[in-house]
DNA sequence: ACTGAAAGCAGTTTCAC
DNA sequence: GTGAAACTGCTTTCAGT
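Residue numbers (our numbering), protein chains in the order written: chain A, 1 to 148; chain B, 1001 to 1148.
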């Protein structure tokens, strides 16, 4: 468990503002939260140093790039397989966006992004052949909603 | 399906650079991809206009904010429930980060972020009571790996 | 389409209070 | 935490290739 960090309502407001637009300026946010630019800068610096803010990134519409199909693959591995191995083998596939190791009868939930259904087929086949996979079940995403 | 967009290798490189650091400057990227600042600006502008870049955001370590538990809830709804309804009822819960409607015997995959196990219990109970849920199965995330 | 330079401007950063 | 000042350096434009 990471160290607890003191984060008040204004900090949360700043995080929310940066969530909507990660390039918002200190002066702009200062106006919104009712603080000075200097105070906002100090707070954001502090949030970065505390590890609350880990970075900034661009949001991309992958469908526009021709990668219009998204899916989750539930994967089961042989009992001997360890977690590190699971993540390493799955993340090696370029189509894999995220790997979640989970508790329960399932071992991992693998999020993939592919061009089309043929491509999905191929990726799932590839996943099944890697390491010590004993079974998969693929959930194709029809629609998605994401917070903010 | 969205309109196809012409995106060459340099555009991909720019997207990758912005993915790592969404605040990277045009001049900085220009040096890396071997183009002038002006050319990089025009390309990024074009990617925004084409809808490939949908925005910029901050990356937050939620565990540091005291929300250390993540889970996926697989949800089944009564046959009559439509997709819009599913997304609306689930996304109304503040702990819900994302809702994926999926093909198959399952109807939705709901990603939640909570403070602790008691909180998870509570959210799942709440989800089960909303709308026309007929069953859930919750996968608690033990570890995660995300691209880039 | 990209370059290079110049202008202008905005954001960051610092410091005394 | 404020406010102002100084600085930095980024964005933006434009003529030229």
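No residue lacks a Cβ here, since even glycine has one placed at the ideal position from N, Cα and C.
* Checking contacts by CB at 8 Å: is residue 1102(B) closer than that to chain A? -> Within the second chain, residue 1102(B) is the residue found at index 102, counting from 1. Closer than 8 Å: yes.
* Asked: Does any residue of chain B bring its CB to less than 8 Å from the CB of residue 34(A)?
  -> Within the first chain, the letter at position 34 stands for residue 34(A). For residue 34(A), the nearest beta carbon of chain B is not closer than 8 Å to its own beta carbon.
* Could you name the residues of the same chain whose beta carbon sits closer than 6 Å to that of residue 1128(B), not counting the 5 residues immediately before and after it, in chain order? => Translated into positions along the second chain, residue 1128(B) becomes position 128. Only 1136 meet the Cβ criterion.
* **Entirely enclosed alpha helix (DSSP H) segments - the region 1079-1148 of chain B, minimum 4 residues** => For secondary structure counted as the alpha helix (DSSP H) over 4 or more consecutive residues, the region 1079-1148 of chain B holds these complete runs in sequence order: 1083-1091, 1117-1129.
* Any beta-carbon of chain B closer than 8 Å to the one on residue 97(A)? -> On the first chain, position 97 is the one that residue 97(A) refers to. Chain B, which has a Cβ nearer than 8 Å to the Cβ of residue 97(A), makes this yes.
* Asked: By DSSP, does residue 1032(B) sit in helix, in strand, or in coil?
  -> On the second chain, position 32 is the one that residue 1032(B) refers to. Residue 1032(B) falls in the helix class under three-state DSSP.
* **Interface flag, residue 63(A) vs chain B, CB-CB below 8 Å** => Mapped onto the first chain, residue 63(A) falls at position 63. With 8 Å as the cut-off, residue 63(A) counts as an interface residue toward chain B.
* Asked: When DSSP labels each residue in this structure, what does residue 1050(B) get in the three-state scheme?
  -> In the second chain, residue 1050(B) corresponds to position 50, counting from 1. Here residue 1050(B) sits in coil by DSSP.
* **Inter-residue Cα distance where the pair is residue 1014(B) and residue 1033(B)** => Numbered from 1 along the second chain, position 14 holds the residue referred to as residue 1014(B). Numbered from 1 along the second chain, position 33 holds the residue referred to as residue 1033(B). Between the alpha carbons of residue 1014(B) and residue 1033(B) lies a distance of about 8 Å.
* Asked: Which bits of chain B does residue 145(A) rub up against, with CB to CB less than 7 Å?
  -> Counting from 1 along the first chain, the entry for residue 145(A) is found at position 145. Against chain B, the beta carbon of residue 145(A) has neighbours under 7 Å at 1087, 1091, 1098, 1099, listed in chain order.
* Would residue 1059(B) count as contacting chain A if we go by Cβ distances under 8 Å? -> Residue 1059(B) sits at position 59 when you count from the first residue of the second chain. Yes, contact with chain A.
* Under 8 Å between C-beta atoms of residue 1098(B) and residue 146(A) -> What you label residue 1098(B) is simply residue 98 of the second chain in a count that begins at 1. What you label residue 146(A) is simply residue 146 of the first chain in a count that begins at 1. Yes, these two residues count as a Cβ contact at 8 Å.
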